[in-house]
Amino acid sequence: MKISRMQELLDAKVLCCEENLGKHVYSAFGCDLMSDVLAYVTDQAVLLTGLVNPQVIRTALMMDMVCIVFVRSKVPSDEMLALAKENGIVMMSTNKTLYNTCGLLYSNGLVGTSEVTK
Amino acid sequence: MSENLTFRFNVEGDDFTSAGQASVQVKKNLRQLGLDSEIIRRVSIAMYEGEINMVIHAGGGTAEVNVCEDYIEIILEDHGPGIKDIEQAMQAGYSTAPDSIRSLGFGAGMGLPNMKKNSDTMTVESTVGVGTRIVMRIMYKEGCV
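Protein chains in written order, with the numbering used here: chain U, 7 to 124; chain C, 75 to 219.
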């Protein structure tokens, strides 16, 4: 799914890297636990989270994620914005909850990261 | 590559918000070298988990990344409290991280298992009261280590 399509579906405000709205994401991961993001994300995914700290950006960077959507109207700090800008990561903020955000994207064809196997 | 390339970092332990900076830099450096993206990804995850661990548990330490002919080696050393039971610490879900760290999105007991998952070899040496030394190697191709 194109990032611009996600933005429309979520009625999200783009916070940085608007020039990358044409990029695609191939799956999504919704989570406030960065440990799990590091353990389970496998492909070029979008991160949906309500957690706001610089580790969110660094975690996304490590996982080659190209977009982060902050749910529940959370807004990142200036430090986070600078880090995302430097690395071309699109950041958006939506007033929707994590559950509704996931539901909207899923019902419009964006699948989740593969099932977790122990 | 005739000579190994080495990157060294001091990982500050007093500020969790800056944790991960060394790993971000390593990822950048490895990209500049034009290495395979899957190798870079594995190195990044393994090092980032280790770096976060050093900040949470050991008050910081040092990180060294050696780009060798057949593999990339990550050496993490700290003078923290050490790991009492390494086998237990390697189990997914086991954690001694405080709640303050969990509220920041970490400390779920996934760090060491994830480091092992993303490296081809990993050794953990730790002495209680002295510190911990972890060496991980990520091979470019199977059978190189």
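Backbone N, C-alpha and C fix where the C-beta goes; we use that ideal spot for every residue, glycine too. Since we're looking at a predicted model, the values are computed, not measured.
Interface residue (Cβ-Cβ distance to chain C less than 8 Å): residue 64 of chain U is classified as such. Judged by DSSP in its simplified three-state form, residue 103 of chain U adopts coil rather than helix or strand. Counting only Cβ-Cβ distances below 7 Å, residue 91 of chain C has contacts in chain U at 59, 60, in chain order. DSSP, reduced to helix, strand and coil, places residue 108 of chain U within a helical segment of the structure shown. Against chain U, a Cβ distance below 9 Å from residue 119 of chain C picks out 44, 45, 68, 69.
A Cβ-Cβ separation of about 6 Å places residue 87 of chain U in contact with residue 21 of chain U under the 8 Å criterion. Contact annotation: in the stretch 121-132 of chain C, residues whose CB is within less than 7 Å of a CB in chain U are 122, 123. DSSP, read as helix, strand or coil, puts residue 100 of chain C in helix. For residue 144 of chain C, there is no enclosing beta strand (DSSP E), as DSSP marks it with neither H nor E. Residue burial annotation: residue 172 of chain C is exposed, with fewer than 16 other C-beta atoms found within 10 angstroms of its C-beta.
Counting only the Cα atoms, residue 11 of chain U lies some 37 Å from residue 190 of chain C. Counting only residues of its own chain and dropping the five nearest sequence neighbours on each side, residue 202 of chain C has a CB closer than 6 Å to the CB of 156, 158. For residue 104 of chain U, the nearest beta carbon of chain C is not closer than 8 Å to its own beta carbon. Membership of residue 213 of chain C in the beta strand (DSSP E) is indicated by the continuous run 205-213.
Listed along the chain, the chain U residues whose CB falls inside 8 Å of the CB of residue 137 of chain C amount to none; the nearest CB is some 14 Å away. In this structure residue 148 of chain C is in contact with residue 139 of chain C, their Cβ atoms being roughly 5 Å apart against a cut-off of 8 Å. For residue 101 of chain C, the closest Cβ of chain U is nearer than 8 Å. Assignment of beta-bridge partners to residue 53 of chain U by DSSP yields U:35, U:74.
The Cβ neighbour count for residue 82 of chain C, taken over all protein chains shown within 10 Å, is under 16; the residue is labelled exposed. Under the DSSP definition of a beta bridge, residue 118 of chain U partners with U:34. In the pairwise beta carbon analysis, the stretch 41-52 of chain U is classified as touching the stretch 65-74 of chain U: at least three pairs are separated by under 8 Å. For residue 87 of chain U, DSSP records no beta bridge to any residue. Contacts with chain U at 8 Å (Cβ-Cβ) do not include residue 116 of chain C. For residue 115 of chain U, same chain residues with a beta-carbon under 7 Å away, outside a window of 5 residues either side, are 7 in chain order.
By the criterion of at least three beta-carbon pairs nearer than 8 Å, the stretch 83-97 of chain C is in contact with the stretch 116-123 of chain C. Flagged as an interface residue toward chain C: residue 41 of chain U, by a C-beta distance shorter than 8 Å. Nearest C-alpha to residue 101 of chain U among U:93, U:80, U:49: U:80.
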